[in-house]
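Those letters in the sequence shown? Residues 11 to 659, by the working numbering. Data block below; observations after.
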Amino acid sequence: MSHQSDLISTDINAYLKQHEQKQLLRFITCGSVDDGKSTLIGRLLFDSKMLYEDELAKMEADSKTQGAAGGEFDPALATDGLKEEREQGITIDVAYRYFSTARRKFIIADTPGHEQYTRNMATGASSADLAVILIDARHGVMTQTKRHSFIVSLLGIRHVVVAINKMDLVDFSEEKYNEICADYKSFAVRLDLPDLHFIPLSALNGDNVVEPSPNTPWYRGSTLMNFLESVYIGSDRNLQDFRFPVQWVNRPNLDFRGFCGTIASGIIRQGDEVMIMPSRKTTKVKEIVTHDGNLEEAFASQSVTLTLADEVDCSRGDMIVRPGNVPQSADAIEAILVWMSASPMVPGKTYVVKHATQSVTGAIETLRYQIDVNTVHRTLSPQLNLNEIGRCRLSLNESICFDAYRNNRATGALILIDRLTNETVAAGMILDRSSSGKSQAIWEEDLAESTGEEDSSGQLSQVSSEEREARYGQKPATVLLTGLTCSGKTTIARAVERRLFDSGRSVSVLDGQQVRRGLSKDLGYSFEDRSENLRRAAYSAHLVNDSGLICIASFVAPNASVRDKVASVIGKERFLTIHVDAPIDVCRSRDTTGQYADADAGKLQDFPGVSAPYEAPEAADLTLNTDTQSIDACVDAVIDLLKQRGFIR
């Protein structure tokens with residue numbers, strides 16, 4: 011299983027060339043405390059024969075005094091090297107280990123499981139291609155399991171293996187394994203984990219780590235080692251968008267000037283036309299120079315020196331790109347920040363922002379919201395503390411050239427540095443949002459509450475609210491039906507409209523899809539666009555209510571904070587929230603347009619319930635379970651609610 015080969019003794023040069031051309035896979039192990047992360051890595055190293063004899067002898071000796079395996083061989087000691095780690099039996103710092111097999115080279119990052127060391131875990135995950143998330147089979151999915159899974163999703167790690175460890179302590183129960191898989195899947199549906207796999211194993215004993223275990227005859231999948239050797243990561247690199255941040259200008263003599271750096275993404279060939287950002291001057295690549303000689307082409311992750319056909323102004327911090335494929339350039343950006351300092355984030359304080367090879371000064375203009383990594387819900391907060399995550403708007407003193415982190419991890423990442431202490435205080439992932447300087451959803455423009463005598467423009471109406479109530483025999487209200495796509499919102503809204511109309515009421519339906527085909531035709535499905543769509547719908551519903559009508563609004567409305575703003579616009583005294591609840595499997599079975607399939611395939615981004623969270627109302631006025639209740643029963647419940655609240659008699 012190790013990298014040993016007959017070529018070592020027969021043709022060392024051929025062996026070295028073969029070894030050099032192996033693909034490198036970087037992966038991390040993460041999860042809750044004592045789930046067996048270090049033990050798993052030690053077992054991988056031991057079974058792949060990548061532990062030296064003196065190191066193995068020391069581990070066997072330490073296992074008797076410092077191990078956690080009752081005096082038996084403890085593989086965890088291969089990575090837990092700090093004195094404090096061995097004393098407490100925990101991982102504190104990120105431990106990197108290297109090993110190889112006949113098929114691949116590997117760099118492992120063993121990350122700590124304690125909540126206070128979350129920033130260390132984020133550091134280890136920032137360069138990983140794959141994550142192994144361990145779960146103790148006795149305890150199942152823990153809070154820290156969810157926390158690490160969320161960070162893995164946030165950092166754009168596409169390949170995830172959920173290793174359900176310590177199966178020997180639950181008698182290799184298939185029922186327990188399936189229960190944990192189902193529990194994890196129900197949480198992971200809100201995360202962006204496109205390639206998810208489950209493996210039952212015992213890291214201490216080696217079951218399903220390198221060799222298939224006879225103790226799990228019910229499991230027919232791959233072993234962990236086989237999966238690590240075979241998982242396809244070739245498509246993970248961005249080879250379309252050429253980005254070359256200039257790190258150093260090499261000028262050894264008057265006859266040579268080269269621009270050195272690492273290709274962040276894309277492919278470049280000799281003779282290709284390129285553009286220098288931010289000056290936007292164009293030229294062509296004259297040569298691609300390396301220590302081993304010139305290349306005809308180079309690609310992402312290679313360190314090269316480019317010489318250009320023309321004398322153009324280009325220095326450290328600039329970026330060389332293709333003229334027809336340029337990154338965004340702005341001095342205001344939206345980013346998700348992982349706060350890594352014991353000192354809390356201070357909005358307005360000036361930090362050094364390091365992005366690629368460029369360093370600029372800037373400030374956190376505003377903290378839009380904090381993300382509760384345990385529930386993936388957004389909450390309002392004045393600041394971020396150690397290990398907390400939030401979405402912020404950064405204002406920079408000069409423009410930077412960037413891509414969204416989702417598209418390009420190299421040019422979409424940044425760090426914040428304290429100017430006085432030189433401490434790295436935060437790591438950030440740039441979002442694919444407009445940086446035009448203003449938010450699309452202008453919720454800050456408060457609407458004056460209607461007194462019943464004024465319309466939405468604030469002008470005195472010729473018809474009072476009492477006259478409208480007397481004419482229609484009802485009080486105006488907006489009923490928001492919120493729920494996942496295909497949960498049954500529109501069907502119920504239309505049925506309620508029919509029932510109210512037949513009983514002589516004046517009612518109007520505001521359907522999300524119809525609004526998007528007209529009033530919100532210019533909007534997409536990002537968080538901001540959904541917020542703006544709801545803002546427009548809220549003002550429309552307010553106008554309908556001003557006319558004395560009942561408005562039935564059918565929208566996904568996945569974010570609790572946005573729904574609260576809708577209530578404020580309409581007026582909380584005439585606003586009702588109804589949660590149309592249905593399991594996501596039921597919603598998928600009702601989908602005739604293929605939206606869920608497109609979301610699973612990554613064609614639809616930010617799709618609630620699949621690639622984006624849906625925050626169910628915590629205090630809904632009414633909950634309808636459409637998988638068990640009939641349409642008539644749901645309509646009856648809505649009518650009863652309107653009667654109880656005094657909107658209709």
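Ideal Cβ placement from N, Cα and C applies to all residues, glycine included.
- Assignment of His552 by DSSP, reduced to helix, strand and coil, places it in the helix class.
- The straight-line gap separating the alpha-carbon atoms of Thr315 and Asp532 is approximately 43 Å.
- With a contact defined as Cβ atoms closer than 8 Å, Val331 and Phe252 qualify at about 6 Å.
- Taking 8 Å as the cut-off, the Cβ atoms of Thr272 and Ser311 count as close.
- Where Phe109 is concerned, the enclosing beta strand (DSSP E) starts and stops at 105-110.
- Close CB contacts of Arg598 within its chain, under the 6 Å cut and outside five residues either way in sequence, are with Tyr606 (chain order).
- Contact check between the stretch 228-246 and the stretch 263-282: fewer than three CB pairs, one atom from each, fall below 8 Å, which does not count as touching.
- Restricting attention to Tyr624, Ser159, Asp181, Asp282, the CA atom closest to the CA of Arg573 is found in Tyr624.
- A straight line joining the alpha-carbon of Tyr379 with that of Arg540 spans about 16 Å.
- A direct Cα-Cα distance of roughly 33 Å separates Lys32 from Gly334.
- Membership of Thr317 in the beta strand (DSSP E) is indicated by the continuous run 313-318.
- Looking at the DSSP output, Pro618 shares a beta bridge with Ala622.
- DSSP places Ala132 in the helix class (H, G or I) of the three-state scheme.
- The alpha-carbon of Glu321 is positioned some 47 Å away from that of Asp120.
- Annotation: the continuous beta strand (DSSP E) that includes Thr488 extends over 487-492.
- Here Trp228 has Glu184 as same chain residues with Cβ atoms under 6 Å from its own Cβ, once five neighbours each way along the sequence are excluded.
- The continuous alpha helix (DSSP H) containing Asp646 extends over residues 641-654.
- Gly514 counts as exposed, since fewer than 16 other C-beta atoms from the protein chains shown sit within 10 angstroms of its C-beta.
- With respect to Ala105, Ala274 sits apart: the two C-beta atoms are not nearer than 8 Å.
- The C-beta distance from Leu490 to Ile588 rounds to 7 Å, short enough to meet the 8 Å contact threshold.
- With contacts defined as CB atoms closer than 8 Å, Leu305 and Gly276 fail to qualify as a contacting pair.
- Apart from sequence neighbours up to five positions away, the residues of its chain that approach Val620 with a beta-carbon distance below 7 Å are Val199, Tyr606, Ala609, Asp610, ordered along the chain.
- If you look at Arg600, you'll find it in the alpha helix (DSSP H) that goes 594-600.
- Beta bridge pairing from DSSP links Met355 with no other residue.
- Taking each of Glu283, Arg148, Met152, Ser58 in turn and checking the Cα distance to Gly41, the smallest one comes out for Met152.
- If you look at Ser405, you'll find it in the beta strand (DSSP E) that goes 399-412.
- Assigned with DSSP and collapsed to three states, Gly268 falls in strand.
- Gly46 sits buried, since 16 or more C-beta atoms from the chains shown fall within 10 Å of its C-beta.
- Partner residues in a beta bridge of Glu375, as assigned by DSSP, do not exist.
- By the beta-carbon neighbour count (other beta carbons within 10 angstroms, threshold 16), Ala643 is exposed.
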